[in-house]
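First up is the structure itself, then whatever we jot down about it.
There are 4 protein chains.
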Amino acid sequence: MSAHRISVGVFGGNGYTGLELLRILRGHDGVAVRFATSDREAGRPTPVPGLSFVPVAEAPVGDVELVFLCLPHGEAASWVERHGGGEARIVDLTADHRPGSGREARAVYGFPELNPQEVAGARLIANPGCYPTGVILALAPLDRAGMVDRERPVAVSAASGVTGAGRAPKRELLFGEVFGDFRPYGLGNEHLHLKEMRATLPELQLIFVPHLLPVARGIVETIALPVRPGVDAAQIKALWRETYGECGAIRVSDLAPALADVADTDLLELSAFDNAGLRAPTVTVVAALDNLGKGAAGQAVQNMNLMLGFDALRGVRC
Amino acid sequence: MSAHRISVGVFGGNGYTGLELLRILRGHDGVAVRFATSDREAGRPTPVPGLSFVPVAEAPVGDVELVFLCLPHGEAASWVERHGGGEARIVDLTADHRPGSGREARAVYGFPELNPQEVAGARLIANPGCYPTGVILALAPLDRAGMVDRERPVAVSAASGVTGAGRAPKRELLFGEVFGDFRPYGLGNEHLHLKEMRATLPELQLIFVPHLLPVARGIVETIALPVRPGVDAAQIKALWRETYGECGAIRVSDLAPALADVADTDLLELSAFDNAGLRAPTVTVVAALDNLGKGAAGQAVQNMNLMLGFDALRGVRC
Amino acid sequence: MSAHRISVGVFGGNGYTGLELLRILRGHDGVAVRFATSDREAGRPTPVPGLSFVPVAEAPVGDVELVFLCLPHGEAASWVERHGGGEARIVDLTADHRPGSGREARAVYGFPELNPQEVAGARLIANPGCYPTGVILALAPLDRAGMVDRERPVAVSAASGVTGAGRAPKRELLFGEVFGDFRPYGLGNEHLHLKEMRATLPELQLIFVPHLLPVARGIVETIALPVRPGVDAAQIKALWRETYGECGAIRVSDLAPALADVADTDLLELSAFDNAGLRAPTVTVVAALDNLGKGAAGQAVQNMNLMLGFDALRGVRC
Amino acid sequence: MSAHRISVGVFGGNGYTGLELLRILRGHDGVAVRFATSDREAGRPTPVPGLSFVPVAEAPVGDVELVFLCLPHGEAASWVERHGGGEARIVDLTADHRPGSGREARAVYGFPELNPQEVAGARLIANPGCYPTGVILALAPLDRAGMVDRERPVAVSAASGVTGAGRAPKRELLFGEVFGDFRPYGLGNEHLHLKEMRATLPELQLIFVPHLLPVARGIVETIALPVRPGVDAAQIKALWRETYGECGAIRVSDLAPALADVADTDLLELSAFDNAGLRAPTVTVVAALDNLGKGAAGQAVQNMNLMLGFDALRGVRC
């Protein structure tokens, strides 16, 4: 049966994103994981039965049709520069080729629900960041439809579990530091992901305040969205439903999205709520997703599905 | 030595707020806790050495000069109606007499840093709510100084540990439900505390989105504050420092306030950050406090200190 | 396709065990869930797509071949008394028919790895408790093989996530109480589950000390096992491997089992370690399982598989 | 007033133990902290108001009467070798001079409740480890009184919050790894602290299994204690009460000790429970303490108090 599967490989399989990707691919019956790299864990088992980690230098790149790059930021770009002429197509989960990186021209910034045909034909996909995934999928159709009041800032308050910060040991990520805490960071509109959001939503005045949440995984983004007069939450939800359909990896809800509803899935849940009595109309938009799922590995597998001609949601947890 | 102490009593001493109040009073050398009530725990020890809980009906109200009401919301108002003609002065920690309650005329809404003289002379204090404490102490002086652009909404994103929701057993507060979750609630500008904030800051267009945080205690409020042209974070911090002084229960910081910095204290930490490149100038304001400390029992003890003629910070953890 | 599926029903589908069971059954391609009951949540969606909860009184018991009872302890017995003459076979996940309950004669106490043939033919299965599952599967084969020194007590120290205590609201299970805590309970060998363990392992002198662990799910049991002279960890692991095989829901490891390795699975992981230098030889045995998986719903599905003639591990997460 | 205080210094003030020590000393009115070292944090504020960290090389050792060593294990011994001839007395919180270290002859292993006079006269104190503190204070008096059956092993199952493992960044201590997990370690009786316990309780056959608990701080130790015929829990508690008195840092309880009862304190809580129906009599002993409190800094301050002639509990949180 695995004879009919398409071979893929994973660089950087032992970080949080790489491990999650391997867990999803393990349950995907259209592909076979040919290798997963980790210099540190070489020889030890991966989440894929029967597969052990290999050092980066020993990865049989020539044997696979598609590779995922879950390397540290910066290393993906240099890997692409060295191997770009090879045969394998690439899904880069790092920030190296995303909008605002300076290398965005080389890649397709791939949202399976927004530009599926571009994704299908791409040679190199820049897989969106976790925070931008929620913000862009929520706001891009609304802005395109003229619903947003661009004269007022869009205030995004976001909270992410700690796996969003990677698996490299740092004091501020120790359990003893994070337990019982909650803190904003990147204050002053300085978070790396803003470049990606701004390049994609250039007309919006974004304010982005992320917070470190004492959970392992998941993101909730609460957005105070200035809207044109007459625009309300019902219209916003209707437009999302029209854009994204009822089924798939994006779920539009009338209830408040919660982290627990999307953790360990590849879903993005969206909702919108009117705020009565304001002179300047503003809708509260809420997006919830798993930073490792729809915010990283889940979306990467959706992109892979399109590139390899599979159904977009094959193997995806939604 | 306890002969020189002033006798006080606590109604509702076995909820999270009441227990915290007893812990603070235990370390206060100007008062003696004469009684603490709990029908459920009657006869069991309180956090005050040598003192056991008594049923509400057996509390020796006549023996004390001041009582704290930590009863369920609604019961404080009826207690005051029954005992209002008694001798003891009252600090009500419930919402029953706060602005917007319909009973606000009977009480002084007491912020020791904003209206200390009114507090000192009051017979009945409505002690501010946890969320409003951060919002009002941050914004009231700024709005009074004309720094806020009242034409645009003020978006408050807040997160609170679960003790803010009380100690009565409810499914949604079970450990098995909250663990690993994070969720907004009161969407649509419907939180009870909005009444209190709006009544105090009537000119501001407040949007308030609280979130339930998987920690026991603490609040972080992140505010996208529309400011008048030319107003920046440095001016805001300077005004706070001028208003609140360098010492005391309010600390103005140049770093991002975090929950861990204020948990188990009676501090409120404030900071402000510029957001470059917006056409509509907006400063990010962050407030961090312990919902049981400055957000409830700590502020109540500050108010008591003023009422009894003590130093405002006596026994307060800051 | 669902025409070929066997219909099953779930009583008490909205507790932690019931919900977990529904999640497993959702992914099982041999059965169709015909109903799930919850008086409280009647009309709301279950985890099974397209299926809503129905009140207990409206469950179409006559339409299914097998029912799972996830009712509160005590209610399962009375349900069986009322419906026992019906057609459906029964997997009872409560304690009502387990060894030591006084009703054990009516049921087969079903461990799919220990008595599969009895399970296959049973009309009523008493599904083992979460704590006993680890202890019994670890110790029963060792005791039967004469490896245990019955003259000395077997000290079991166990820790369980809070979902093991059910979903009914109780103060001691509130997030505000459990967060940051860890506590033994049932001290004095008084835990309900001891009856079940003692009835199954009557020759052993069990001491059982459970602890409440501040996580949602999972159990680790650490056992100081007195062994006969000459018995060591290697022999113990070899016997388990012989008894349980290499594949399946029981995994024998040379490393220390950890809760994270088995959470969200239906696995039981076992290991054993020698303690050098003791005059009275004692091996440390460690068992890890998910209280909702192998400790409840996962094992129930294994039992169902045997009863319905399916492969024992069909749909099981291991 | 600080003129009458005795000057002390802290080496390694920026680890979890050092920070806790500084927090306790801040509230101690008999001493003044003259310096606290941290090469990494030099110049930044310590928890002591007005005091900033200094590099180790710049610590004014000559100005203090007593130093605390909270350095990494191994560095304390070399510090003592270099400065041992100086004037300051030393409380070493590392394992470097504890029983079993090979350097125990140079120091007094100091338990303020077991050998206060030796402590008072010591020049160098080896402050006990966190796990041994609970085990030794619980068992030493029982063994001395002949209550323990030395022919059977003593099985200690212990769980500790992560600050017990220090503040140096390691992958296995990241929040993303520890959250939701619980795992035994040091299996096979290999934990470092066993040396210290064995050297102090040489006649007992100790089995020690520690577990990593997903909380920041606190230890619970549950001990299956083989006792001589006729010995019961009541006698054990009576002996502890006789040995340790009713007041002080050791509290004997009739209820199950819990981590939450002792977190953020310098208490050790002990209890004992009979296990009915065993042929080989075994009492369950439970000890709970804060690994940073009685298990480290709190006990160090008790020892300091004795060395400097203060009341043993001055400034101690109990």
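From first to last, the protein sequence lines stand for chains A, B, C and D.
Using the working numbering, read the first sequence as starting at 772 and increasing by one per residue.
Using the working numbering, read the second sequence as starting at 772 and increasing by one per residue.
Using the working numbering, read the third sequence as starting at 772 and increasing by one per residue.
Using the working numbering, read the fourth sequence as starting at 772 and increasing by one per residue.
All residues carry an ideal CB built from backbone N, CA and C; glycine is no exception.
Remember, predicted model here, so these are calculated numbers, not experimental data.
At a Cβ-Cβ threshold of 9 angstroms, ALA1058 (chain C) and ALA813 (chain C) do not count as neighbours.
Per the coordinates, the alpha-carbon of TYR787 (chain A) lies some 21 angstroms from the alpha-carbon of ARG1088 (chain C). In terms of Cβ geometry, GLY935 (chain A) and ILE1021 (chain A) do not form a close pair [threshold 9 angstroms]. Taking the beta carbon of TYR1015 (chain D) as reference, no residue of chain C falls within 8 angstroms; the closest one sits roughly 21 angstroms away.
LYS1065 (chain B) is classed as buried because its beta carbon has at least 16 other beta carbons within 10 Å across all chains shown. Nearest CB-CB separation between GLY959 (chain A) and chain B: below the 9 angstroms threshold.
Out of B:VAL890, B:SER872, B:VAL949 and B:ARG869, the CA that lies nearest to the CA of ARG860 (chain B) is found in B:VAL890.
Taken in chain order, the complete alpha helix (DSSP H) segments of 4 residues or longer contained in the segment 862-903 of chain C are 887-892.
Chain D places a beta carbon closer than 9 angstroms to that of ALA930 (chain C), counting this residue as a contact.
For the segment 909-925 of chain A, the residues whose beta carbon sits under 8 angstroms from a beta carbon of chain B are, in order, GLU922, ARG923 and PRO924. Scanning chain C for C-beta atoms nearer than 9 angstroms to the C-beta of ARG938 (chain B) yields ARG942, LEU945, GLY947 and GLU948, reported in chain order. Of all C-beta pairs linking the segment 891-902 of chain D to the segment 1027-1034 of chain D, fewer than three are shorter than 8 angstroms, placing the two stretches out of contact.
At the C-beta level, GLY845 (chain C) and THR808 (chain C) stay beyond 9 angstroms of one another. Chain-order list of chain A residues neighbouring TYR787 (chain D): GLY947, by C-beta distance under 7 angstroms. In this model, ALA939 (chain C) and VAL986 (chain D) are separated by some 25 angstroms (Cα to Cα). For GLY900 (chain D), the CB contacts under 7 angstroms within the same chain, skipping 5 residues up- and downstream, are ALA866, ARG869, HIS964 and GLU967 in chain order. If you check the CB distance, PHE953 (chain D) and ALA930 (chain C) come in under 9 angstroms. Residue burial annotation: HIS982 (chain D) is buried, with at least 16 other C-beta atoms found within 10 angstroms of its C-beta. In chain order, GLY780, VAL838, HIS854, GLY857 and ALA859 place their CB closer than 7 angstroms to the CB of VAL832 (chain A), counting only its own chain and leaving out the 5 sequence neighbours on each side. Taking the CA atoms as reference points, ARG811 (chain D) sits about 9 angstroms from VAL825 (chain D). By alpha-carbon distance to ALA830 (chain D), the top candidate from D:VAL1056, D:PRO973 and D:SER778 is D:SER778.
Using a 10 angstroms sphere on the CB of ARG815 (chain B), the tally of other CB atoms stays under 16, which defines it as exposed.
For ALA987 (chain D), the neighbours in chain A by C-beta distance under 8 angstroms run, in chain order, PHE946, GLY947, PHE950 and GLY951. Annotation for PRO903 (chain D): HIS964, GLU967 and MET968 place their beta carbon closer than 6 angstroms to its own, counting only its chain and skipping 5 residues before and after. Following the DSSP letters along the chain, one finds ASP1032 (chain D) inside the alpha helix (DSSP H) bounded by residues 1030-1033. Two segments are said to touch when three or more pairs of C-beta atoms, one from each, lie closer than 8 angstroms; by this definition the segment 1037-1046 of chain A touches the segment 1066-1078 of chain A. CA-CA distance, SER1042 (chain D) to VAL919 (chain D), rounds to 16 angstroms. Under the Cβ distance rule, PRO1000 (chain A) does not count among the residues neighbouring chain B, no pair being separated by less than 9 angstroms. Where SER849 (chain C) is concerned, the enclosing alpha helix (DSSP H) starts and stops at 846-854. Interface residue (Cβ-Cβ distance to chain C less than 9 angstroms): VAL991 (chain B) is not classified as such. Residue D:LEU790 holds the alpha-carbon nearest to the alpha-carbon of PRO818 (chain D) among D:ALA848, D:ASN1062, D:LEU790 and D:ALA876. For ALA1083 (chain C), the secondary structure class from DSSP, reduced to helix, strand or coil, is coil. Judged by beta-carbon spacing, GLY932 (chain D) lies beyond the 9 angstroms limit of VAL933 (chain A), meaning their Cβ atoms are not closer than that value. Close to chain D, meaning a Cβ-Cβ distance shorter than 7 angstroms, are the following residues of the segment 1032-1045 of chain C: ALA1034, PHE1044 and ASP1045. At least one beta carbon of chain B lies nearer than 9 angstroms to the beta carbon of ARG1050 (chain A).
Taking 7 angstroms as the Cβ-Cβ cut-off, the segment 1055-1083 of chain D approaches chain C at THR1055 and VAL1057, given in chain order.
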